[in-house]
Amino acid sequence: MNEIIQAILSAVIMLATACAYVFCIKFLLPKYVIKRGYYIEDNLGRGLKRFVSDSGRALLFEPHPSIRKYIKQYALVSEKGNKYLQCYVDRGANRLTYSIIMLDRNDKVIDVVEVEEVTAKRNLTQPVYLHPDTSYVALIVGSVNKAKLADSAVSYYTQNSIVIFGMVTAAITLVASLIFSLSFSNFMSNVGAGVSSDGVIYFLTSLIAAVAAGVISSLLLLMDCNKNNVRVIK
Amino acid sequence: MTDREYVEKGSYTHPQADGYIALKQYIFIRRDGKRCLLLRFANEFSRTVHGFEVIVTQLSSDGRVIGRSRVPYQNISVASGNTYSPDSGIVVRENCADFRISLVYFVSGDYKYVIKRGHAVAHYDPRGYEVPKTNPARSTQIAVKSVHRNGGIFTLIAVVSTVIIVGLCLVAALSGSGGKKTTAYNGGDVSVCDTAILY
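Residue numbers (the numbering used here), protein chains in the order written: chain X, 9 to 242; chain F, 93 to 291.
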């Protein structure tokens, strides 16, 4: 009877360890260890005019000079609780891909959306609905007429943060692997299966798992950066 | 048939706001007994202009102002660099010897550019602009996707790392069992095998 309880307890510890591990990797590390930076300062527009009407209000902006030849002006419109953005694009830019970094009043990035659009001769894009807390935006043009622009990166990671991410992942993996291995050993011995009870072997395999997890996580992150046009800077 | 007589033709050389709508040429004609002014504008703006308004100030031979009128041109489409010659002339006084033109505003797309002190101030005014029938349909959004949530890669990392942990844990547990022997019934024959193989 005592063995069954110990087996159940070991199984619960294994499950809890796995859940805690996944939670750490998926939520805690991206939030506290590896933070993605955004190119905001170089992509802010200049406010030109404010319009107030019965239906709402609108702010007219002139984009940053680097993209002004593609997007002439853009307007942030707030109507009936909805906020949306419309761009007035150059007539030569028939197919446009641009990213909108939404920021709140505390300069915190709320959301980033990537828009691909075919513009008509009126040169006015369709409204892109923004997060309700959006106070201002930064615009980055990714491609014009299917030609990708050189300076179109929206976000970045630092090299140090990726290295730290790999090391922290390895450390968490080591701890989780040790707990998991010992619980597994205890579980198996309580259900009558003969498994190794040598702690050195479990430690060595946990160490291997930690190193592998650290390296693979860093590599996967770098591959994701390459795929999603996220820069890695010093 | 209208009776038309050309009176005077020339280039407009007075200073104008640069980079917007500029008057290039003018012709004084006499049509149906009335003195008229025909104008030719050039769109020096970087985009297509869909309407504009000018103030025409008529001057007598001694330089006195003898008349002033606002002339709007709506629902037009003049591409950048092209010229525009309205069909309708402006009826002027008989003693009008000279004139001045000043641009009040022009419309391009959903923006109305009001000229103030020689510079255009943009106003977002989509309702003030009627789309000419020749213009195509509205713009088309192909894709709008959020790229802020990068949870996908971290989910993958978590799954891969968990698999590594579980896999290596199993390897360690089973490979290090040290040959603890157990028996298994195998179709009537009693055989001896390693526990690690069974599990």
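A virtual CB, placed ideally from N, CA and C, is assigned to each residue, including glycine.
Residues in its own chain within less than 8 Å of residue i by CB, not counting five upstream and five downstream?
{"i": "X/Val120", "result": "Tyr46, Ser107, Ile108, Ile109, Met110, Val162 and Ser163"}
{"i": "X/Ile170", "result": "Ile42, Ser226, Leu229, Leu230 and Val240"}
{"i": "X/Asp159", "result": "Ser74"}
{"i": "X/Phe173", "result": "Leu37, Val41, Ile42, Ser225, Ser226 and Leu229"}
{"i": "X/Gln94", "result": "Tyr82, Ala83, Val85, Leu132, Thr133, Gln134, Pro135 and Val136"}
Since residue i and residue j are thought to touch, with beta carbons under 8 Å apart, how far apart are those beta carbons, to the nearest angstrom?
{"i": "F/His211", "j": "F/Lys204", "result": "About 14 Å; that fails the 8 Å criterion."}
{"i": "X/Thr2", "j": "X/Val97", "result": "Because chain X here runs from 9 to 242, residue 2 of chain X falls outside it and cannot be looked at."}
{"i": "F/Tyr104", "j": "F/Lys116", "result": "6 Å"}
{"i": "F/Gly143", "j": "F/Tyr165", "result": "6 Å"}
{"i": "X/Ile21", "j": "X/Ile224", "result": "No, X/Ile21 and X/Ile224 are not in contact; Cβ-Cβ is about 25 Å, not under 8 Å."}
{"i": "X/Val176", "j": "F/Leu266", "result": "X/Val176 to F/Leu266, Cβ: 30 Å. No contact."}
{"i": "X/Gln134", "j": "X/Glu124", "result": "Actually they do not touch by this definition, with Cβ atoms about 11 Å apart."}
{"i": "F/Ile119", "j": "F/Lys101", "result": "5 Å"}
{"i": "X/Gln259", "j": "X/Lys116", "result": "With chain X represented from 9 up to 242, any question about residue 259 of chain X goes unanswered, as that position is not in the structure."}
{"i": "X/Arg76", "j": "F/Arg139", "result": "About 13 Å; that fails the 8 Å criterion."}
Against chain F, does residue i count as a neighbour if the rule is that its beta carbon must be under 7 Å from one of theirs?
{"i": "X/Arg99", "result": "yes"}
{"i": "X/Asn198", "result": "no"}
{"i": "X/Leu52", "result": "no"}
{"i": "X/Val203", "result": "yes"}
{"i": "X/Leu111", "result": "no"}
{"i": "X/Tyr96", "result": "yes"}
{"i": "X/Thr213", "result": "yes"}
{"i": "X/Pro38", "result": "yes"}
{"i": "X/Lys34", "result": "yes"}
{"i": "X/Tyr165", "result": "no"}
{"i": "X/Ser185", "result": "yes"}
{"i": "X/Ala155", "result": "no"}
{"i": "X/Thr142", "result": "no"}
{"i": "X/Val126", "result": "yes"}
{"i": "X/Tyr210", "result": "yes"}
{"i": "X/Phe192", "result": "yes"}
{"i": "X/Cys74", "result": "The sequence given here places Ser at residue 74 of chain X; Cys does not occur at that position. Answer no: the Cβ-Cβ gap between X/Ser74 and chain F never drops below 7 Å."}
{"i": "X/Phe188", "result": "yes"}
{"i": "X/Ala28", "result": "no"}
{"i": "X/Glu49", "result": "no"}
{"i": "X/Ser61", "result": "no"}
{"i": "X/Ser225", "result": "yes"}
{"i": "X/Gly120", "result": "Sequence check: residue 120 of chain X is Val here, not Gly. By this cut-off, X/Val120 is an interface position."}
{"i": "X/Leu228", "result": "yes"}
{"i": "X/Val171", "result": "no"}
{"i": "X/Leu68", "result": "yes"}
Closer than 6 Å by C-beta to residue i: which residues in its own chain qualify, once you throw out the five before and the five after it? Chain order, please.
{"i": "X/Ala218", "result": "Ala178, Thr181 and Leu182"}
{"i": "F/Asp217", "result": "Lys204"}
{"i": "X/Phe1", "result": "There is simply no residue 1 of chain X to check, as chain X begins at 9 and stops at 242 in what is shown."}
{"i": "X/Tyr210", "result": "Ser189"}
Determine, for residue i, whether the minimum Cβ-Cβ distance to residues of chain X falls below 7 Å.
{"i": "F/Gly220", "result": "In this prediction, F/Gly220 has a pLDDT of 47, which is less than 50 and means its spatial position is unreliable; what the coordinates show is noted afterwards. No, F/Gly220 does not count as interfacial toward chain X."}
{"i": "F/Thr232", "result": "yes"}
{"i": "F/Pro224", "result": "Residue confidence for F/Pro224 is low, a pLDDT of 41 falling below 50, so the modelled location carries little weight; the figure read from the coordinates is stated next. It does not; no Cβ of chain X falls within 7 Å."}
{"i": "F/Phe198", "result": "no"}
{"i": "F/Pro228", "result": "With a pLDDT of 45 at F/Pro228, under the threshold of 50, the modelled position of that residue is not reliable, and no figure is offered here."}
{"i": "F/Asp154", "result": "no"}
{"i": "F/Val163", "result": "no"}
{"i": "F/Ile58", "result": "Because residue 58 of chain F is not part of the residues shown, which for chain F are 93 to 291, the question remains open."}
{"i": "F/Phe246", "result": "yes"}
{"i": "F/Gly201", "result": "yes"}
{"i": "F/Lys126", "result": "no"}
{"i": "F/Val252", "result": "yes"}
{"i": "F/Tyr216", "result": "yes"}
{"i": "F/Arg192", "result": "no"}
{"i": "F/Leu260", "result": "yes"}
{"i": "F/Arg139", "result": "yes"}
{"i": "F/Lys237", "result": "yes"}
{"i": "F/Ala134", "result": "no"}
Grab me the residues of residue i's own chain with a C-beta within less than 7 Å of its C-beta, minus the 5 sequence neighbours each way, in chain order.
{"i": "X/Pro38", "result": "none"}
{"i": "X/Asn236", "result": "none"}
{"i": "X/Asn194", "result": "Gln14 and Ser18"}
{"i": "F/Glu186", "result": "Arg127"}
{"i": "X/Ser214", "result": "Leu182, Ser185, Leu186 and Ser189"}
{"i": "F/Ala189", "result": "Leu151, Ser152 and Ser153"}
If we count Cβ pairs, one from each stretch, closer than 8 Å, do we get three or more for the stretch 195-203 of chain X versus the stretch 11-30 of chain X?
-> yes
**Study point:** contact_flag[the stretch 47-54 of chain X, the stretch 143-151 of chain X] where n(CB pairs < 8 Å) is 3 or more
**Key:** yes
Are the stretch 96-112 of chain F and the stretch 187-198 of chain F touching, with three or more C-beta to C-beta distances below 8 Å?
yes
(Q) Extract the residue ranges of the beta strand (DSSP E) inside the stretch 125-177 of chain F, only unbroken runs of 3 or more that lie entirely within it. (A) 126-135, 143-151 and 157-165
* Complete beta strand (DSSP E) runs within the stretch 49-86 of chain X (minimum length 3 residues, chain order) -> 54-60 and 64-70
Practice problem: Please list the segments of the alpha helix (DSSP H) lying wholly inside the stretch 193-222 of chain F, counting only runs of 4 or more residues, in order along the chain. | Solution: none
(request) Assess, as a yes-or-no matter, whether the stretch 153-160 of chain F is touched by the stretch 118-138 of chain F under the definition of 3 or more beta carbon pairs within less than 8 Å. (result) no
Quick check for students: name the residue ranges of the beta strand (DSSP E) that lie wholly in the stretch 159-235 of chain X, counting only runs of 3 or more. 163-166
Contact the stretch 251-261 of chain F vs the stretch 209-223 of chain X: 3+ CB pairs below 8 Å
yes
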